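Input: a single structure, listed below in C-alpha cells.
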Amino acid sequence: MPLVTAAAPASGSPRGVIPLRSSRASCDSRPCAARAYAGKRLVAENTRVQNHRMELETRIRNQLLRPELPPSSYDTAWVSMVPLRGTHQSPCFPQCVEWILQNQQDDGSWGVNQFDSSVNKDVLLSTLACVLALKRWNVGRENIWRGLHFIGRNFSVAMDEQTTAPIGFNITFATMLSLAIDMGLEFPIRQTDVHGILELREMELKRQAVYGSYGRKAYMAYITEGLGNRLDWDEVMKFQRKNGSLFSCPSTTAVALIHKYNDQAHQYLNSLVSEFGSAVPAVYPSKLHCQLLMVDALERMGISQHFVNEIKSILDMAFSHWLQKDEEIMMDIATCAMTFRLLRMNGYDVSSDELSHVAEASNFCDSLQGYLNDTKSLLELYKASKVSLSGNDLILDSIGSWSGNLLKDKLCSSRVQKNLIFGEIDYAVKFPFYATLERLEHKRNIEHFDAWGSLMLTTKGSSFHVNQEFLALAVNDFSLSQSVYQDELQHLDSWVKENKLDQLQFARQKLTYCYLSAAATIFPSELSDARISWAKNGVLTTVVDDFFDVGGSKAELENLIELVEKWHEHHADKYYSEQVRIIFSAIYATTNQLGAKASAAQDRDVTKHLAEIWLDVLRSMMMEAEWQRSQHVPTVEEYMTNAVVSFALGPIVLPALYFVGQELLEHAVKDQEYDKLFRLMSSCGRLLNDSKSFERQFCVHRSG
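Under the UniProt record's numbering, the first residue of the sequence shown carries the number 1, and numbering increases by one thereafter.
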C-alpha cells in the first residue's frame, strides 16, 4: 500500500491550512464569499480529520488496556462437547451449545475471519466442529444440514495442499470427518473425496511415526482431537500446565477432559466460560501476549509515542511476569523471544539466560515450535538475538547463527517464496534493527502491514491480528509528519539563503542530506526543534569542514577561531574576508537562536555550552589543518583523540539533546559517562568515515 505524501502548505502558514489571500475593500463580493466559504469548509475538514484521529487513538488505547480476544467457533464447539460429569446425556457448558446455534453464518459456516471473508481451511474446520457439537447433543437439525452443505460445496479447499492450513489440519479434519460419518451424518461429497482426505491423514500419521522426539510427543498431544483413542491419555496429561490447561488451548483441554476427567482441566474450562460467557477464545491466557503484539505493532509503525503510559504499564507487567518465569511468556518460544526483545529495547534489565533452552538448534528442533518448523518462532528468535548488549553473549550469538541459517534455508524454499512471509524473512536477515533508519522502517512496515500482520498469534482454529485501526492511525500520522517535514525543509532552505551559505563556492550543499538524517531518527512531529537544530548544525559543520579542508587560508581559519573565542565581544570590522563573515555570522546567529530556545526548554542558560562545543570543533579542525600543512604524521592515539572532536558530531548531536523533551541537568552534561558515550559514538563515526574514504581512494587509484 503506497503512502500518499501530503503537499506542503505555503511558507509561514499553519500546518495543514492553506493560506487565503488577504481581502481587498474593492473586491467583488462573490469571490470574497466563495473564499470565506472555502475557508470554513477547510476548517471543518481539519476538525473532522483531527476528531477522527482522536477517535482512533482512543479506540487503540482501549484495546491496549483491555484487548478483545475474538471468540473461536472451533474451540467453543469442543468445549460445548464436554459432558456433565456423571452423565453423557447433558452438556457441561450448555451456553456454548446455544452460542453455536445463534452464530451460524448465512452461508451455513462458522468461524469466518473478520479480516478475511474467503473460505479457508480454518472455516471448514470450525464448521465441522460446530456440526459435530450440535449432533452430539441432537439439537439444531436445520443448522446441521446447512453446515453439511457448506462443507460439501467447499470440500475442494480441504483437499488443496497449496492452501495455508491450521496446525495438524490433515489429521484433525479427517478424524472429525470420520467421526461425523460414524454418527450418521451425510455429507454431499463423493466417496472418493472422503477416501482422499482419509488417505492424507494416514500418510501424515506414517510420516509422524518416524520421529520420536519430545517435539513430536508435544505435537501429538496438541492435536488430541485428531487422534482420540490412539493416544495414551496419561502421557498426554504430562503436558498439563499449572493453570490446568493443555498448551493454554481450550479445544485441546476439552478433548482431554472428554476422554479422561481431570479436576484442574475442568476448573480451567469453567473459569474460561465464566469469564468470556458463551464463547471462548482460541488461546487462554493470552491477554499479555496480545498486548505485547500490539506494543510491537505500534513501535514498528512509528506511533508508539502516542501511547507512552499504556505501553509502560504493559511492559512493567511483562517484566514482572518475566521475573516470575510465568508460563504465559516462558512456555511459548515466540512469545518468550518477543518479550525479551521488547523489554531489552525499552531499557529493562533482562538476561538472555532465559533463552538458554533454545541456545542450540537441536533444542529448538526438539520443541513443539521446532517440530512444526514454525516461521514466526524462528523470526522472533533471530530478531531477539540482535539486541545483544555485549560482543560475547554466547547465548544470543548462537541463537542468531542457527536461526539465521534456518531462515536462509526457508528463503531457498520455493514454497515459502509464494507466501507473504518470504519478504519478512528476507528483510529481517538483510537488515537487523541497527542497520535501518527508523522512519524508513516505519514506512516499510506500514506498506507491508498485510505481510507481517499475518505473523500474529496463529492456532488450530483461528488467529489474532492487529486491528486495521492501527494501520489507519499509522497512515494518518505518517502523512501528517510528511507535511511537517516539508514545512521544516522549506524553513531550512530559507535559512540557508538568508545566511548566504549557498554563496560559498567551496562548500558542499548538503541541506537535504542533513535534514534526512534528522527526520529519519528524530521523527515525532512534536520534536521539530530537535530536527531543526540537528539539520542547521549539520549544514554548518559541513561548511566549516570544507572551509578548513579547501576553502580557507591559514589567516582566515585563525580569524574564524578568534571570532568564536570572543563570541559576544567580537567586532564586525575584524573579519579577514567575506567568507569568514558569512560563516561566523551564521554560526553566531544560529547558535544564539537555538541557545535561547534550548535555555527556555531547560530552564537554565545553555548558550555558552553550545558556543564551547563549536570552539572545540574549530580548534580540532585547526589541528588537523596544521598537521596537513606541516606534513606531520600523528600517532594513532594523537589522531583518534583529536578525531572524535573534529568529526564534528558535537554541534549536531549535543545541542539537539536539549530539545527531545528530557531535562538535561548541567552535572549530567559534565558527567564522565555522557562524555564517554559521545566519544564512543564519534569514534565509530570517524572510523567508518575513514574506512569508506580509504575504499573510495583505493578504487580511484586502482582504476587509474
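Backbone N, C-alpha and C define an ideal beta-carbon position, used for all residues, glycine too. Predicted model, so just to flag it, every value in this text is computed and none were measured.
- Beta-bridge annotation (DSSP): Gln240 is paired with Leu246.
- Taking one beta carbon from each stretch, the region 99-109 and the region 121-133 have 3 or more pairs nearer than 8 Å; the two touch.
- Contact between Val539 and Phe506 is absent: CB atoms are separated by about 14 Å, not below the 8 Å threshold.
- For Leu368, the enclosing alpha helix (DSSP H) starts and ends at 368-371.
- A Cβ-Cβ distance of about 5 Å is found for the pair Thr224 and Thr252, placing them in contact under the 8 Å criterion.
- In this model, Val429 and Glu438 are separated by some 17 Å (Cα to Cα).
- For Arg679 against Val644, the beta-carbon gap comes to about 5 Å, under 8 Å, which counts as contact.
- Under the three-pair Cβ rule at 8 Å, the region 557-568 does not count as touching the region 514-528.
- In this structure, DSSP gives Pro166 a state outside helix and strand, which the three-state scheme calls coil.
- Across the set Ala282, Arg141, Lys312, Ser356, the C-alpha of Arg141 shows the shortest separation from the C-alpha of Gln104.
- Within the same chain, Cβ atoms closer than 6 Å to the Cβ of Tyr214 are found at Asp366, the five residues on either side in sequence being excluded.
- Your pair Pro67 and Pro281 does not check out as a contact, with CB atoms roughly 10 Å apart and the cut at 8 Å.
- The C-beta distance from Val606 to Gly650 rounds to 14 Å, too long to meet the 8 Å contact threshold.
- By the neighbour-count definition (other C-beta atoms within 10 Å, threshold 16), Val308 is an exposed residue.
- Following the DSSP letters along the chain, one finds Ile144 inside the alpha helix (DSSP H) bounded by residues 141-153.
- Under the Cβ criterion (8 Å, minimum of three pairs), the region 465-474 counts as touching the region 441-453.
- If you look at Asp477, you'll find it in the alpha helix (DSSP H) that goes 468-498.
- Going by DSSP, Cys130 is part of the alpha helix (DSSP H) stretching over 121-136.
- In this model, Phe340 and Arg146 are separated by some 47 Å (Cα to Cα).
- By the Cβ test, the region 272-286 is in contact with the region 71-82, since at least three Cβ pairs between them sit closer than 8 Å.
- Assignment of Pro285 by DSSP, reduced to helix, strand and coil, places it in the coil class.
- In the DSSP assignment, Pro83 forms a beta bridge with Pro91.
- Boundaries of the alpha helix (DSSP H) harbouring Tyr382: 375-385, taken from the DSSP string.
- DSSP places Val606 in the coil class of the three-state scheme, outside both helix and strand.
- Taking Gln291 as reference, the option from His266, Met681, Ser274, Met317 with the minimal CA-CA separation is Met317.
- DSSP, read as helix, strand or coil, puts Leu504 in coil.
- Per DSSP, Ala555 is one residue of the alpha helix (DSSP H) stretching across 554-566.
- Between Gly277 and Gln95, the gap from beta carbon to beta carbon is short of 8 Å.
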